[in-house]
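Just so we're aligned, residue 114 is where the sequence shown starts under my numbering, counting upward by one.
One structure is given here, and the rest of the page talks about it.
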Amino acid sequence: IDRSRTDPVVVCPNPFYQIYEGAAFLAGATPHFFNTLPADNYAMDFAQLAQPVWQRAQLVYVCSPGNPNGRVMPLAEWQTLFEMSDRYGFVIAADECYSEIYFGTKKPLGALQAAQQLGRTDYKNLVVFSSLSKRSNVPGMRSGFVAGDAGLLEKFALYRTYHGCAMNPAIQAATIAAWNDEVHVAKNRRLYAEKFDQVIALLAPVLPVAKPDAGFYLWVRTPFADTAFAQQLYRDYNVSVLPGSFLAREAHGINPGANFIRLALVANLEESLEAARRIAEFVSKV
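Right under this line is the structure:
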């Protein structure tokens, strides 16, 4: 973020991972929230943003596969975003931490892959963030990487040198082993696919559930206020879900997470199915 420019803006999807907002504030920028709605298939229609916002934008966050909706950005949307970046000069920060949790053999289109397909082999103004947390189910290890525009990475590496912290050598060894192994990742995908199929079968009679493009979340509309739904479900059935309104900010007159819950299918199959049965029973009685 160039603080010498007047009132810099960071564009974020909404709902979103809260670090986007916090990082914008720490950098002295103002978050501009872009509501992603079911009516638009949770797309960020970049053409809808007003020109004054683009003129102030210095960074745009995208999350694909999305958190919480699991949507994967198609090539046409990447092309539009790249064109806007060329026009206005902002950096694209692509959060791809869920990219290795998908179904079948079709891998989600990534930002670097999209750039290559569109002839942008220098990855101009593009950085991609990935993590071991989701692919290997080890969020406590705090291991990830960033790739993309070499000029941006040079600055990022210098920033990381002064601002980062060292990892315990034992954790380093474990993360290296995890990054180098794809067998457990493929097994992880198979387990998630099984959980999705069976959990959706249990919930579909009482809630509007659909399998996402990728990721391990179900983003489900609730029959009444999401916070009350989550509180009563926990109180009566000891099942924890995340109210969707907690994942979003009110923007443009609405909170796009309101009346949704995020279900994370991270427990084992037996526990996930038990939770789904309890949720179904809870909904059937309200």
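For every residue, glycine included, the Cβ atom is placed at its ideal position computed from N, Cα and C.
Bear in mind that the values here come from a model prediction, so they are computed numbers and not experimental data.
Which residue marks the beginning of the beta strand (DSSP E) containing Thr143, and which one marks its end?
Going by DSSP, Thr143 is part of the beta strand (DSSP E) stretching over 143-148.
Any chance you could list the alpha helix (DSSP H) runs of at least 4 consecutive residues sitting entirely within the segment 130-215, in chain order?
132-139, 164-169, 188-201
Do you know how far the Cα of Phe147 is from the Cα of His365?
Rounded to whole angstroms, His365 to Phe147 spans 9 Å at the Cα level.
Apart from the five residues just before and just after Thr288, which ones in its own chain have a Cβ nearer than 7 Å to its Cβ?
Leu245, Met254, Ser256
Helix, strand or coil at Leu236 according to DSSP, with G and I counted as helix
The sequence as given places Tyr at residue 236; Leu does not occur at that position. Tyr236: coil per DSSP, three-state reduction.
CB Ala380 to CB Ile214, shorter than 8 Å?
no
Taking 6 Å as the limit between beta carbons, can you name the residues of its chain near Val123, skipping five residues before and five after?
Cβ within range, chain order: Ala137, Ala142, Pro144, Leu172.
Quick check on Thr119: buried or exposed, where buried means 16 or more other Cβ atoms within 10 Å of its Cβ?
Residue environment analysis places Thr119 among the exposed positions, since fewer than 16 neighbouring C-beta atoms fall within 10 angstroms of its C-beta.
From Ala260 to Ile205, what distance separates their C-alpha atoms?
12 Å
Can at least three beta-carbon pairs, one atom from the segment 312-329 and one from the segment 366-386, be found at a separation below 8 Å?
Taking a contact to require three or more Cβ pairs closer than 8 Å, the segment 312-329 and the segment 366-386 qualify as touching.
Kindly indicate which three-state DSSP category Pro408 falls into: helix, strand or coil?
Nothing can be reported for residue 408, as the shown portion of the chain is limited to 114 through 399.
Going by DSSP in three states, Ile367 sits in which element: helix, strand or coil?
strand
To which residues of the same chain is Tyr272 closer than 7 Å at the C-beta, ignoring the five residues directly before and after it?
none
How many whole angstroms separate the CB atoms of Tyr174 and Pro126, which I take to be in contact at a CB cut-off of 8 Å?
7 Å
Shortest alpha-carbon distance to Val241 belongs to which of Glu295, Ala291, Ser177, Gly217?
Per the Cα distances, Ser177.
If you compare alpha carbons, which of Pro369, Ala393, Ile392, Glu394 is closest to Asp153?
Among Pro369, Ala393, Ile392, Glu394, the Cα nearest to that of Asp153 belongs to Pro369.
Can you name, in chain order, every residue of its own chain whose Cβ lies under 6 Å from the Cβ of Ala400, other than the five neighbours on each side?
Limits of the chain in this structure are 114 at one end and 399 at the other, which puts residue 400 out of reach.
Kindly list the residues whose CB is nearer than 7 Å to the CB of Leu476, restricted to its own chain and excluding five residues on each side of it in sequence; keep chain order.
The question about residue 476 has no answer, for the chain in this structure spans 114 to 399.
Within the segment 311-384, note down every full beta strand (DSSP E) run reaching 3 residues or more, in order along the chain.
Counting only runs of 3 or more, we get 330-334, 373-377.
To the nearest angstrom, how far is the alpha carbon of Asp158 from that of Gly217?
28 Å
Can you grab the Cα-Cα spacing for the pair Ala306 / Lys300, in whole Å?
Taking the straight line from one Cα to the other gives about 10 Å.
Cβ-based burial, Pro252 [other Cβ within 10 Å; buried from 16]
exposed
Run of the beta strand (DSSP E) containing Gly257, from where it starts to where it stops
257-261
Less than 8 Å between the C-beta atoms of Gln311 and Leu222, yes or no?
no
Residue range of the alpha helix (DSSP H) that includes Leu222
Element bounds for Leu222: n/a, residue is neither H nor E.
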